[in-house]
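Numbering (our numbering), first residue to last: 29 to 550. In this text, a Cβ means the ideal position worked out from N, Cα and C, and glycines have one as well. Fair warning: this is a prediction, and the values are worked out from it, not measured in the lab. Okay, structure first, notes after.
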Amino acid sequence: MNNLKSELGKLLGFPADRFQQNHEDEAYLAVSDEEFERSIKFLAGKGVFLIDLFAVEDWKNKGITLCYVFEKKGSAHYLILKKNSLPSTNSIAREFPAACWYEREITDGFGINFNGAFDTRRLFLHEAYPFDFHPLRKSVINEQVKMRKNILPAEEYSFKKVNGEGVYQIPVGPVHAGIIEPGHFRFSVIGETIFNLEIRMFWKHRGIEKLAEGKTPQEAVKFAEAISGDETVANALAFCQAVEKISQIKVPARAQYLRVLLAEMERIYSLLGDLAGMIIDVAYPAGASPFFILREDILRWNETMTGSRFLKNSLEVGGLKKDINAEDLVKLRNYLKNFSLVFNDSVKESLSFAPVLDRFENAGIVKKEMIRPLNLTGPLARASGMLTDVRIDHPYSLYQKLVPYSSTLEKGDVLSRFKVKAGTIEDSINLIKKVIADIVPGEIRPASSAVKDGFSLMAVESARGQNIHWLFIQKGKISRYKIRTASFCNWQAIEHAVLGNIVPDFPLVNKSMNLSYAGTDL
């Protein structure tokens with residue numbers, strides 16, 4: 029711990045004793061406004077990523093504290109700058125563009141304004157919410173808010189206008205055909221070529237972070253599971269590990285093995301849906317069918333092992349709620365041998381079909397230089413040349429022992445994302461085989477899982493990328509719970525990826541990213 033404090037102190041020019049470090053991988057530094065401005069300029073020039081930004085009210089009775097979370101690729105540590113906020117503070121979105129949505133989120137939730145921000149539009153509070161309503165403040169009680177009924181045209185959300193001869197707009201959503209969740213896409217096009225896209229999410233804000241306040245960690249596991257339906261294990265695991273880190277709860281070895289198994293089963297079924305969806309969107313349902321069948325098989329295995337196709341109610345603080353018997357694990361291992369054969373043949377067949385390659389290649393390119401400014405993660409970033417995987421960058425659970433293999437490609441198009449996701453599925457299969465071969469007998473929950481007070485940050489690798497949970501426990505109850513899924517950052521990539529593409533390719537580009545609406549709109 030002292031080495032990290034010294035290292036950061038030399039880097040930023042602060043004495044080592046200025047850093048607070050409750051956990052091995054987290055270092056907190058409280059700074060004045062002047063020190064903050066100097067630190068931001070320095071960090072922006074060092075290739076550091078801003079991976080989270082959130083506000084905490086009444087943290088040690090200091091009003092509202094802003095927490096800026098930074099990561100440098102290749103380092104296993106997080107740096108969190110803390111500064112007290114007044115009614116306003118300076119924006120850092122010009123140095124770190126990823127801050128834009130965070131700052132708008134904090135303005136909505138806490139009423140803090142960011143001076144010099146290039147985008148001050150509302151984020152999750154749409155026009156019907158009262159102007160003085162800031163739901164994440166402690167003074168706001170969870171109850172029905174009185175919505176505004178008469179919205180003036182001047183108060184409506186302002187989309188960017190692209191003017192010129194032949195330019196017209198295509199509004200899509202927020203209500204879509206099918207059963208997907210709401211999201212609005214505003215295209216500016218000439219003919220069929222897209223010149224600008226703006227997305228607007230946050231149509232069904234559920235207030236998960238607010239609802240978790242005052243709950244015990246054991247009660248709040250269900251909130252974590254509900255963040256996004258196909259990230260049940262990833263988010264429950266992040267939450268439980270944050271509690272366990274704070275409370276110094278030792279998770280039994282068997283539970284750690286089974287947690288990894290469930291996390292990889294979730295990754296497989298999620299990415300299988302992505303592959304099938306991409307092929308469906310280029311009108312090749314015969315090629316998609318094997319992936320849908322394999323996905324259904326995995327969902328049935330989930331139900332056999334846990335009682336839930338989507339692995340609900342499987343994890344608890346300290347371990348698991350239910351063991352998986354040895355017979356089922358042997359059967360799963362045997363099934364996976366056939367799975368790999370069918371899966372690999374299906375990938376080769378799909379990519380040998382000329383119309384698939386024609387639509388996949390050069391569509392929806394995400395340039396590598398967009399990764400750091402927007403903090404893009406997961407298969408999206410790996411397909412654009414950046415090896416980023418929380419399981420490798422910040423190993424958790426048994427991933428120090430069961431190291432995943434994550435490959436990268438450089439082009440960043442739909443074809444690259446298809447190949448990276450297919451490779452990730454193969455790697456998950458190998459990890460599960462290792463788990464089953466190495467798993468040990470024993471308990472699945474510790475003798476004691478008593479919760480202590482404190483705060484901690486935990487990141488995990490979901491199927492979509494880096495999910496971050498920051499938890500603050502006071503008197504055994506949750507005082508602040510901040511959640512940021514990979515989708516929150518990755519959604520912003522699509523506005524750049526579709527430029528120069530034609531409108532009919534948008535569904536394909538969108539599906540190749542397969543981002544979560546619910547995981548963005550908490």
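Excluding five sequence neighbours on each side, which residues of the same chain lie with their C-beta closer than 8 Å to the C-beta of V537?
-> A391, G392, V442, I522, A525, V526, N529
Residue from G470, G219, V488 whose Cα sits closest to the Cα of A283 | G470
Taking the DSSP output, what are the residues bridged to P199?
-> R214
Quick one: is F146 buried, meaning 16 or more other Cβ sit within 10 Å of its Cβ, or exposed?
-> exposed
C-beta contact flag for A270 and L81 at 7 Å = no
Between which two residues does the beta strand (DSSP E) carrying S484 extend?
-> 482–490
Taking the CB atoms as reference points, tell me whether Y106 and E52 lie closer together than 7 Å.
-> no
Counting along the chain, where does the beta strand (DSSP E) carrying T93 start and finish?
-> 92–99
Taking the DSSP output, what are the residues bridged to L343?
-> L348
Anyone know if the C-beta pair for I460 and L289 falls short of 7 Å?
-> yes
Boundaries (first-last residue) of the alpha helix (DSSP H) holding F308 | What sits at residue 308 in the sequence shown is Ile, not Phe. Residues 281–308.
By how many angstroms is the C-alpha of N112 removed from the C-alpha of L40?
-> 19 Å
Integer-rounded CB distance, given that V168 should sit under 8 Å from I198 | Actually they do not touch by this definition, with Cβ atoms about 38 Å apart.
Under the three-state DSSP convention, the category Y130 falls into | helix
K510 lies in the beta strand (DSSP E); which residues open and close that run?
-> 505–512
Classify R46 as helix, strand or coil using the three-state DSSP reduction.
-> helix
Of the listed residues L153, P125, E253, nearest to N495 (C-alpha basis) | E253
Per-residue burial, V173 [other beta carbons within 10 Å of its own, 16 or more giving buried] | exposed
Using the beta-carbon count (16 or more within 10 Å), is N542 buried or exposed?
-> buried
If we ignore side chains and look at the alpha-carbon of each, how far apart do F64 and R150 end up?
-> 25 Å
Provide the residue(s) that pair with G23 in DSSP beta bridges, ordered along the chain.
-> The displayed coordinates of the chain run from 29 to 550. Any statement about residue 23 would go beyond what the structure contains.
By how many angstroms is the C-alpha of L299 removed from the C-alpha of S116?
-> 42 Å
Does the stretch 300–314 touch the stretch 330–343, meaning 3 or more C-beta pairs lie closer than 8 Å?
-> no
Contacts around M554, its chain only, beta-carbon distance under 6 Å, and the 5 residues preceding and following it disregarded = Because the chain in this structure spans residues 29 to 550, residue 554 falls outside the shown range and cannot be described.
Between A491 and the rest of its own chain, which residues show a CB-CB distance below 6 Å, the 5 nearest in sequence each way excluded?
-> R295, S298, L299
Whole beta strand (DSSP E) elements within the stretch 101–178, 3-residue minimum | 106–112, 116–118, 141–143
Residue from T436, E489, D386 whose Cα sits closest to the Cα of D417 = E489
Can you give the Cα-Cα distance for K462 and V431, rounded to whole angstroms?
-> 10 Å
Between the stretch 257–268 and the stretch 225–232, are three or more C-beta pairs nearer than 8 Å?
-> no
What did DSSP end up calling T334 once you bin it into helix, strand or coil?
-> helix
Closer than 7 Å to chain B by CB, Y185 | Any reference to chain B falls outside this structure, which holds one protein chain only.
Can you find at least 3 beta carbon pairs, one from the stretch 369–376 and one from the stretch 317–325, that sit closer than 8 Å?
-> yes
Consult DSSP for L57 and reduce its assignment to one of helix, strand or coil.
-> strand
Go ahead and pull the three-state DSSP assignment for M29.
-> Summary for M29: the model assigns pLDDT 46, below 50, so the residue's position carries little reliability, and this model does not support an answer.
Selection from S256, D455, R387, I501 that minimises the alpha carbon distance to F534 | R387
Which value, in whole angstroms, describes the spacing of the CA atoms of W440 and F446?
-> The residue asked about is misnamed: residue 440 is Gly in this sequence, not Trp. Each residue's alpha carbon lies about 10 Å from the other.
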